[in-house]
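Working notes, beginning with the structure itself.
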Amino acid sequence: MDNKNVYENFDWASFKYEDLKPKVEEILNAIPSDVESILDIGCGNGIITNVLGEKYNVTAVDRSKEALKFVETKKINASADKIPLTDNSFDMVFSSELLEHLPNNVLEGAITEIKRLSKKYIFITVPNAENPNKLLIKCPSCHYIFNSPNHLRSFNIKKLETLFDEYKLLKSFTFGKKVRYYNNLISIIKKNVTPSASWIPYFWVDKAKRNSTCPSCEHQFEYSYKFNVLTAALDTLNVLISPKKPYWLFAIFEKNNKLST
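Residues 11 to 271 (our numbering) are what the sequence shown spells out, left to right.
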């Protein structure tokens, strides 16, 4: 499913630097000291990109023309799996909160491009072992069920190491506000036996942030919340059995000498 219009219709102006300042600072501190040039794939509206551009030679890539309007560095409008740049063009390829959004047919090509364009380092950030079923909503028009922030898959460090298995893992760490994991079995029960309006309480997602675009029919809507006893019981059970963990996972990989030659 091509979800391009979801990101063209997204309110990119609502994302502010202040919302991600601690994360941006952590990224800056983690970048290897010999990096001079960076390719940021899936840069969005440039919250991170623009800060990186103050210190490094940065080129940004995103498929959303609307998002790129906010980017202040050099920029390319392209899909992550088809980037018109030459091999080994950048000291580091950086990608933050991209991989979890990619459809299966794009993910493989995007990984190939990340590897192809990196001269030395690959720096990936993703949500930390989240369950995409936690934030499901249902389109009122076509009844398609999807993850509200359009996260299609989950990653942990083992999965990232598998994707970049020919690279050396230099560093990995978790960071950010601790968020409770949602048990997969409970999420399946919740999806199948409770009303969709009860899936996401307001204390999970604020009323002001509930606008969405269906990736199936492109219907734009606001998803509300209606209390349901069974849903609340399942959420309470999840609190009792599921741990909290830092929201983000960071991983930095280095090309080995054989790959660099």
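From the three backbone atoms N, C-alpha and C, an ideal C-beta is built for every residue, glycine too.
Neighbourhood of residue i by C-beta, 7 Å cutoff - its chain only, sequence neighbours within 5 removed
| i | result |
| --- | --- |
| Ala207 | Ser234, Tyr235 and Lys236 |
| Val45 | Tyr66, Asp101, Met102 and Tyr131 |
| Thr271 | Low local confidence applies: a pLDDT of 48 at Thr271 is under 50, so the model's placement there is unreliable, with the coordinate-based value given in what follows. Nothing listed; no residue qualifies. |
| Phe80 | Trp22, Asn55 and Gly56 |
| Leu108 | Ile51, Gly52 and Ala90 |
| Ile196 | Leu244, Leu247 and Asn248 |
| Glu171 | Leu179 |
| Glu305 | Because the chain spans 11 through 271 in this model, residue 305 falls outside it and cannot be assessed. |
| Val16 | Asn160, Thr223 and Pro225 |
| Arg163 | Glu110 and Pro142 |
| Asn238 | Thr204, Pro205 and Ser208 |
Exposure of residue i, with buried meaning 16 or more beta-carbon neighbours within 10 Å
| i | result |
| --- | --- |
| Glu28 | exposed |
| Tyr177 | buried |
| Val249 | exposed |
| Ala242 | exposed |
| Phe213 | exposed |
| Ser151 | exposed |
| Cys149 | buried |
| Asp153 | Here the sequence assigns His to residue 153, which means Asp is not the residue at that position. The residue in question, His153, is exposed, as its Cβ has fewer than 16 Cβ neighbours within 10 Å. |
| Cys227 | exposed |
| Glu118 | exposed |
| Asp72 | buried |
| Ser43 | exposed |
| Asn60 | buried |
| Ile37 | buried |
| Ile198 | exposed |
| Lys181 | exposed |
| Leu240 | exposed |
| Glu232 | exposed |
| Phe263 | buried |
| Lys217 | exposed |
| Asn157 | buried |
| Ile124 | buried |
| Lys33 | buried |
| Lys265 | buried |
| Asn114 | exposed |
| Ser24 | exposed |
Cβ separation of residue i and residue j, assumed to be a contact under 8 Å, to the nearest whole Å
| i | j | result |
| --- | --- | --- |
| Ala90 | Ala120 | 4 Å |
| Lys273 | Lys188 | A question about residue 273 goes unanswered here, because the residues of the chain that appear run from 11 up to 271. |
| Trp258 | Asn166 | Wrong, their Cβ atoms sit about 12 Å apart, outside the cutoff. |
| Ile93 | Val68 | Not really, about 14 Å apart at Cβ, beyond 8 Å. |
Span of the beta strand (DSSP E), counted from its first residue to its last, around residue i
| i | result |
| --- | --- |
| Thr59 | From DSSP, Thr59 is part of no beta strand (DSSP E) but of the alpha helix (DSSP H) over Ile57 to Leu62. |
| Lys254 | Lys254 to Lys265 |
| Lys148 | Leu146 to Lys148 |
| Lys129 | Ser128 to Pro137 |
| Ala23 | Run containing Ala23: none; DSSP gives neither H nor E here. |
| Phe156 | Ile155 to Asn157 |
| Leu162 | Per DSSP, Leu162 belongs to no beta strand (DSSP E) and is neither H nor E. |
| Asp72 | Asn67 to Asp72 |
| Asp50 | Ser47 to Ile51 |
Own chain partners of residue i with C-beta closer than 8 Å, once the 5 adjacent residues on each side are dropped
| i | result |
| --- | --- |
| Lys3 | This structure gives no information on residue 3, because the portion of the chain shown stretches from 11 to 271. |
| Pro253 | Arg190 and Tyr191 |
| Phe260 | Glu36, Ile37, Ala40, Phe133, Ile134, Thr135, Lys181, Ser182, Phe183, Thr184 and Phe185 |
| Lys14 | Arg73 and Ser74 |
| Leu95 | Leu49, Thr69, Ile86 and Leu127 |
N-terminal and C-terminal residue of the alpha helix (DSSP H) that residue i is part of
| i | result |
| --- | --- |
| Asp29 | Tyr27 to Ala40 |
| Asn15 | Lys14 to Glu18 |
| Leu170 | Ile167 to Leu173 |
Residue i CB to nearest heavy atom of the ligand HEM below 7 Å
| i | result |
| --- | --- |
| Pro211 | With respect to the ligand HEM, the structure shown offers nothing to examine, as it has no ligands at all. |
Neighbour flag for residue i against chain B, beta carbons, 8 Å
| i | result |
| --- | --- |
| Arg73 | Of the protein chains in the structure, only one exists, and it is not chain B. |
Close Cβ partners of residue i (< 6 Å) along its chain, the five nearest in sequence each way excluded
| i | result |
| --- | --- |
| Ser99 | Leu127 |
| Ile74 | Just to set this straight, residue 74 is Ser in the shown sequence, not Ile. Excluding residues within five positions, the ones whose Cβ falls inside 6 Å are Tyr17 and Glu18. |
What ranges does the alpha helix (DSSP H) occupy inside the stretch 74-126, keeping only unbroken runs of at least 4 residues that lie completely in it? The stretch 74-126 contains, as complete alpha helix (DSSP H) runs of 4+ residues, the segments 75-78 (chain order).
Scan the stretch 219-252 and note each continuous alpha helix (DSSP H) run of 4 residues or more that stays entirely inside, going in chain order. You should have 239-251.
Secondary structure, beta strand (DSSP E): runs of 3+ residues fully inside the stretch 176-210: If we require 3 residues or more, the beta strand (DSSP E) runs fully inside the stretch 176-210 come out as 177-190.
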